[in-house]
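For the sequence shown, this note's numbering gives the first residue as -5, with consecutive numbering after it.
I have placed the structure first, in the form of C-alpha cells, so that the comments after it can refer back to it.
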Amino acid sequence: MQDEYINQLKIQLNSFVEALATAIDERTPYNGNHTRKVAEYALMIAKKINEKYMNGDTKEYFDEERLEKLRLAALVHDIGKMVISKSIMNRSTRLDGDIDNILIRFKLIESWYEIDYLKGNITKEQFESHKAEMKKIISFIQEIDGIEYLSDELYLKVQQLRFKVYIGSDGREESYFTEDEIEHLSIRRGTLTENERDLMQSHVEMTMKILSKVEFSDVYSQVPVWAGQHHEFLDGSGYPNHLTAKDLSLETRILTVSDIYDALTATDRPYKKPMSVDYALSIMNGMVKKGKLDSAIVKLLSEILEDNK
-5 MQDEYINQLK IQLNSFVEAL ATAIDERTPY NGNHTRKVAE YALMIAKKIN EKYMNGDTKE
55 YFDEERLEKL RLAALVHDIG KMVISKSIMN RSTRLDGDID NILIRFKLIE SWYEIDYLKG
115 NITKEQFESH KAEMKKIISF IQEIDGIEYL SDELYLKVQQ LRFKVYIGSD GREESYFTED
175 EIEHLSIRRG TLTENERDLM QSHVEMTMKI LSKVEFSDVY SQVPVWAGQH HEFLDGSGYP
235 NHLTAKDLSL ETRILTVSDI YDALTATDRP YKKPMSVDYA LSIMNGMVKK GKLDSAIVKL
295 LSEILEDNK
C-alpha cells in the first residue's frame, strides 16, 4: 500500500513537471524543444557514465532514481523564462520588428523634404540628395540588422547615424533614429542589449524562485538546486552566484554541458545560425581549457556524438 502511494506521488510529480515543460513549449517557438533536448543529452551522458562504471572506469553510477531526478531537473531548468518578455526571448535580429517603425518614419521624413522642395525651401538637388542618402541608410541598417557580429568599422558607422536629423524651415527637428534604435543597432554580437541580456539571464533566479514554491520531498530536494545552477561555471565566471567547481555537483555539470551544446547546435533559434557538431565541440573544448566546463563530461558527449554518427 505504501509503495503504491509513493508511486502515485512520483507520477504526480512527473506530470507536474511535464505540465511546466509544456508551458515553456507554448511560451516561445524554440525553447520547449530546447528543454527536451537538454533532458535527452543529459540522460545520454548519464547512461554513458554507467557504461564507464560497468567497465570499472568510474565510481559514479546513475540508478533509475538518480536518472529520474536528472531528467526532472533538465525539464524545469528554464522554467524562469516564462516571466521573460517575448520581445526579448524571441528577438531574431537587432531591430527585429522595430525596423518597420523606422521605414515608416523615413517615409514621413522623405515627404517633409519633398514638401520643403515644393515650397521652395530647398532645391531639387538637395531633395534628391536627401532622398538618396536615406535610401543608402536604409540599405545599411538592413544589411547589419541580421549579421552576427558588428566590426569596429560598422560600429562607427552606426554611431554616425545619431547625428542624422531632419531640420524643417521652421526649426523643427526630427531625428532619423531613436536612442533605443541606435542602442540596438550598436550591439556588437547577438541581438540583445546589455540590459536585455541581464533580464534574460535573470531567468535562472526566476527558475529558483518559482521552484522554491514547490514542496519537493527529501528525495527530490536537489532537483531545483541543479536546475538553478545550470549557468554556473567551474571557474566561478558563471551566474547567478558565481559558484566554483567545489560547489557544483556532477548533475549540474552534466546539465551545463547539455544546455550549452544544444544552444550552439539548435536549428530553430530565431537569432542565430546553428553550428556544426565539430565546431560546437571545439568551442566547448575551448571552454574546458579556460576551466569553465568539466573536461570528462565534454569528452563523454563527444564520444556519444561520435557513436551516433
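Quick reminder that beta carbons are idealized off the backbone N, C-alpha and C, glycines included.
Pop quiz: residue i and residue j are said to be a contact at Cβ under 8 angstroms. What is the actual Cβ separation, rounded to whole angstroms?
i: T29; j: I43; result: Actually they do not touch by this definition, with Cβ atoms about 22 angstroms apart.
i: D139; j: I98; result: The pair is not a contact, with the Cβ atoms about 16 angstroms apart (cut-off 8 angstroms).
i: G232; j: M202; result: G232 to M202, Cβ: 14 angstroms. No contact.
i: S180; j: Y149; result: 6 angstroms
i: L228; j: L242; result: 7 angstroms
i: L275; j: M281; result: Not a contact, Cβ separation roughly 10 angstroms.
i: L295; j: I39; result: 6 angstroms
i: E199; j: P234; result: 5 angstroms
Could you say which of the options lies nearest to residue i if we only look at CA atoms?
i: F121; options: S133, K130 and S105; result: S105
i: V213; options: M202, F10 and L64; result: L64
i: N279; options: Y255, P268, K267 and N302; result: Y255
i: N302; options: A290, V271 and E137; result: V271
i: S86; options: K118, T185, L112 and T261; result: T185
i: R182; options: T172, L144, N115 and N189; result: L144
i: K53; options: F171, K283, L244 and A260; result: L244
i: D51; options: F100, A290 and I298; result: A290
i: Y273; options: I161, K286 and L299; result: L299
i: V251; options: Y35, S276, G285 and N8; result: Y35
i: K130; options: F100, L287, E209 and S81; result: F100
i: R21; options: T246, N235 and M76; result: M76
i: R60; options: D146, L295, T246 and K267; result: T246
i: Q136; options: S123, D90, G114 and I161; result: D90
i: K80; options: E190, I132 and T172; result: E190
i: R88; options: N235, H224, K240 and T187; result: T187
i: V32; options: A260, E297 and G285; result: A260
i: E297; options: G285, N8 and K41; result: K41
i: S123; options: Y107, S206, E58 and I204; result: Y107
i: W220; options: M269, E62 and K118; result: E62
i: N8; options: V217, I204 and K283; result: V217
i: G230; options: E209, S215, D57 and G285; result: G285
i: K4; options: S211, I204 and P268; result: S211
How should residue i be labelled, buried or exposed, when 16 other C-beta atoms within 10 angstroms of its C-beta is the threshold for buried?
i: A126; result: exposed
i: E226; result: buried
i: D253; result: buried
i: L102; result: exposed
i: I96; result: buried
i: G74; result: buried
i: N84; result: buried
i: L66; result: buried
i: H71; result: buried
i: Y55; result: exposed
i: L112; result: exposed
i: I141; result: exposed
i: D110; result: buried
i: F10; result: exposed
i: I161; result: exposed
i: A239; result: exposed
i: F171; result: buried
i: V311; result: Outside the displayed range of the chain (-5 to 303) lies residue 311, so it cannot be described from this structure.
i: A15; result: buried
i: A68; result: buried
i: H236; result: exposed
For residue i, which beta-bridge partners are listed by DSSP?
i: E167; result: I161
i: R191; result: Bridge partners of R191: none, in fact.
i: Y143; result: R183
i: T238; result: D229
* **Validate contact between the stretch 160 to 174 and the stretch 193 to 201 using beta carbons, cut 8 angstroms, 3 pairs** => no
* Asked: So, do the stretch 170 to 190 and the stretch 146 to 158 have three or more beta carbon pairs nearer to each other than 8 angstroms?
  -> yes
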